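Residue numbers (my numbering): 11 to 294. Working notes, beginning with the structure itself.
The following block contains the structure:
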C-alpha cells in the first residue's frame with residue numbers, strides 16, 4: 011500500500027471549489043482599486059502598464075531612476091500615482107521600497123529594468139559578465155526576498171517579470187541577455203512552485219521587437235554591424251516578426267494588467283512570449 015505524504019498535493023484533502031477558496035483568501039477583486047508597484051515606470055513597457063493601471067483607478071507606486079517622465083502622467087492622477095526615484099539594481103533598493111510602502115500591502119508588482127549591453131561572445135569582457143549577472147538576475151532575487159513574504163502574509167500576490175524573447179529564442183548579438191535571462195526563467199519556475207499554494211502567481215513576459223526606446227540599441231548595433239542606415243536596420247527587425255509590424259507598449263500592457271488581476275489565478279510559472287511570429291518553436 012502506498013501512503014501519500016501530507017501536504018498541498020495530498021488528494022485526500024482536495025479543495026472543492028478553488029475559485030471560492032481564492033475569493034475567501036483575499037479581498038482584492040478587479041472591480042476594487044488596488045495598490046501596485048511598477049518598476050521602470052518612466053518609459054516603455056513600465057510606463058504603459060502604470061498608465062493602464064491608473065486609468066482603472068488603481069494606486070500605483072511608479073519607480074524609475076529618473077522620474078521626470080513619470081511626472082508627465084502622474085500629474086493627471088495626483089491622488090493615486092506615487093513616484094519613487096530609485097535605481098532598482100542597487101543593493102539597498104528592496105529596503106527602500108519596503109520603507110516607502112509604510113506597512114501597506116500591494117496586490118502586485120511589475121519587475122522591470124533595462125537589459126544588458128548588446129554584443130557577441132567575443133565582444134563582452136569578463137567584467138561585463140559580472141555586471142550583467144547582477145543587473146539581469148541578482149537584484150531581482152534580492153527584491154523577491156523582500157516582496158514575497160508580504161504576499162504570503164496576505165495569501166495573495168501577483169508578480170510579473172518583464173524579460174526578453176531571448177529566453178525563448180536566442181537573439182544574435184545579445185549573448186548576455188540570452189545566457190542570463192534563462193537563469194531568471196529557472197528561478198521563476200522554481201519559486202512559482204514554492205508559493206503556488208499561497209495565492210501567489212509569478213510569470214515572465216518575454217517581449218520581442220516592440221516600438222520602444224529600448225529597441226534603439228539593437229537598431230544601432232545592426233546598422234553598425236551591417237553598415238546600413240537605422241531605417242534599414244529597423245526594417246530588418248520588422249520583417250523578422252513575420253507580421254509586418256512591431257509591437258507597441260500598449261499591446262503589451264493589456265496582457266500585463268490581466269496577469270496582475272485576480273482573474274489570472276490559474277496561470278503561474280509561465281514564460282509568455284509577446285513577439286508576433288518571431289518565436290518559431292512549438293513551445294513558444
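Where is the CB? At the ideal position from N, CA and C, for every residue including glycine. Predicted, not measured: the structure shown is a model, and the values here were computed from it.
- In the displayed model, residue 118 falls within a strand according to three-state DSSP.
- Residue range 210 to 217 is occupied by the beta strand (DSSP E) that includes residue 213.
- Around the C-beta of residue 122, 16 or more other C-beta atoms lie within 10 Å, and the residue is accordingly described as buried.
- For the pair residue 120 and residue 266, the CB atoms are nearer than the 8 Å cut-off.
- Under the Cβ criterion (8 Å, minimum of three pairs), the stretch 173 to 183 counts as touching the stretch 201 to 217.
- Within the same chain, Cβ atoms closer than 6 Å to the Cβ of residue 263 are found at 58, 59, 62, the five residues on either side in sequence being excluded.
- With distances taken between CA atoms, residue 280 lies nearest to 200 out of 272, 92, 200.
- Distance from the CA of residue 167 to the CA of residue 148, rounded to the nearest whole angstrom, comes to 21 Å.
- With contacts defined as CB atoms closer than 8 Å, residue 156 and residue 107 qualify as a contacting pair.
- For the 8 Å CB-CB criterion, residue 253 and residue 291 do not form a contact.
- With respect to the 8 Å criterion, residue 159 and residue 46 are not classified as neighbours on the basis of their beta carbons.
- Between the stretch 243 to 261 and the stretch 218 to 227, the count of Cβ pairs shorter than 8 Å is three or higher; the stretches touch.
- Under DSSP, residue 168 takes part in a beta bridge, and its partners are 118, 211.
- Going by C-alpha positions, residue 95 is about 10 Å away from residue 51.
- It is roughly 28 Å from the alpha-carbon of residue 141 to the alpha-carbon of residue 118.
- Remark: fewer than three beta-carbon pairs, one from each stretch, lie closer than 8 Å, so the stretch 235 to 244 and the stretch 83 to 93 are not flagged as touching.
- The three-state secondary structure of residue 100, taken from DSSP, is coil.
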